[in-house]
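>
Numbering (the UniProt record's numbering), first residue to last: 1 to 196.
#1: Is the beta carbon of residue 121 closer than 9 Å to that of residue 49?
#2: How would you call residue 178, buried or exposed, if buried means at least 16 neighbouring beta carbons within 10 angstroms?
#3: What are the boundary residues of the beta strand (DSSP E) that includes residue 96?
#4: Say the cut is 8 Å; is the CB of residue 93 nearer than that to a heavy atom of the ligand SAH?
#5: Could you compute how far the alpha carbon of residue 39 sits from the alpha carbon of residue 134?
#6: Tell me whether the region 94 to 103 and the region 64 to 83 touch, counting them as touching only if at least three CB pairs, one residue from each stretch, are closer than 8 Å.
#7: Is it the case that the Cβ atoms of residue 83 and residue 171 are separated by a distance below 9 Å?
#8: Enumerate in chain order the residues of its own chain whose CB-to-CB distance from residue 164 is below 6 Å, with the five nearest sequence positions on each side excluded.
#9: So what does DSSP say about residue 162, is it helix, strand or coil?
#10: Got a sec? Which residues, its chain only, sit under 6 Å from residue 10 by beta carbon, not counting five neighbours each side?
#11: According to the Cβ coordinates, are residue 148 and residue 59 closer than 9 Å?
#12: May I ask which residues mark the beginning and end of the alpha helix (DSSP H) holding residue 192?
#13: Quick one: Cα of residue 3 to Cα of residue 160, how far?
#14: To the nearest angstrom, report how far apart residue 32 and residue 104 are at their CA atoms.
#15: Starting from residue 115, follow the alpha helix (DSSP H) in both directions and report where the run begins and ends.
Here is the structure:
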């Protein structure tokens, strides 16, 4: 039997954690980005597919390129954040399955099945993006996941010549409390679930 985490840990990840729109000037180091990845990579995906591919935009040049593909509301967030992660999905993730899932010919499940490839890449890279948010929070960083960008432009700027397509983006840093809105409501158990 595994003991539940204490309330402080649950608060940090979910109950009091917030989505940030701005950050302090405190930098995020490459060592911290590696810590995030080394924690989040253990989150489960279907048949260990692990389709997520990340570009960490830390340089002014990378931030400018990404901001140019973002909405007017999101571009300033990207420019000011210490890091923005582009969370992409490798549409040929199945080529790594002989190593990642060696006890079955999982690659054969996907080759030539574009519908299954798209569905699996999107579902599992989204799961991995959520693990990134949780890992960042556990390691003392804040995040701001976003849509509001032109995916084709992001793909052209960061994934040209590859099999990776953009899923979503997320800013990272030490959150500025002045940048958050009042806490928004969530659906109650009875509204969102049923027990069958």
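Ideal Cβ positions, reconstructed from N, Cα and C, are used throughout, including at glycine. No experiment lies behind these values; they were computed from the predicted model shown.
So, from the data block:
#1: On the chain shown, position 49 is the one that residue 49 refers to. On the chain shown, position 121 is the one that residue 121 refers to. Yes, these two residues count as a Cβ contact at 9 Å.
#2: By 1-based counting over the chain shown, the position of residue 178 is 178. Answer is exposed; the Cβ neighbour count stays below 16.
#3: Counting from one through the chain shown, the residue named residue 96 turns up at place 96. No beta strand (DSSP E) contains residue 96, which DSSP labels as neither H nor E.
#4: The model depicted lacks the ligand SAH and carries no ligand whatsoever.
#5: Position 39 of the chain shown, counted from the start, is the residue given in the question as residue 39. Position 134 of the chain shown, counted from the start, is the residue given in the question as residue 134. Distance between the alpha carbons of residue 39 and residue 134: 9 Å.
#6: no
#7: Along the chain shown, read from residue 1 onward, the residue named residue 83 stands at position 83. Along the chain shown, read from residue 1 onward, the residue named residue 171 stands at position 171. Against a cut-off of 9 Å, the Cβ pair of residue 171 and residue 83 comes out as a contact.
#8: Taking the first residue of the chain shown as 1, we reach residue 164 at position 164. For residue 164, where only same-chain residues beyond five positions count, the Cβ hits under 6 Å are 53, 88, 90.
#9: Numbered from 1 along the chain shown, position 162 holds the residue referred to as residue 162. Coil.
#10: Residue numbering aside, residue 10 sits at position 10 when the chain shown is read from its first letter. So the list is empty, once near-sequence residues are dropped.
#11: For the purposes of this step, residue 148 is identified with residue 148 of the chain shown, where counting begins at 1. For the purposes of this step, residue 59 is identified with residue 59 of the chain shown, where counting begins at 1. Their beta carbons are not under 9 Å apart, which means residue 148 does not touch residue 59 by this criterion.
#12: The sequence position of residue 192 within the chain shown is 192, counting from 1. Residues 189 to 192.
#13: Numbered from 1 along the chain shown, position 3 holds the residue referred to as residue 3. Numbered from 1 along the chain shown, position 160 holds the residue referred to as residue 160. Going from the Cα of residue 3 to the Cα of residue 160 covers about 46 Å.
#14: For this step, residue 32 is matched to residue 32 along the chain shown. For this step, residue 104 is matched to residue 104 along the chain shown. If you take the alpha carbons of residue 32 and residue 104, they lie about 35 Å apart.
#15: For the purposes of this step, residue 115 is taken as residue 115 along the chain shown, with counting starting at 1. Residue 115 -> alpha helix (DSSP H) spans 114 to 138.
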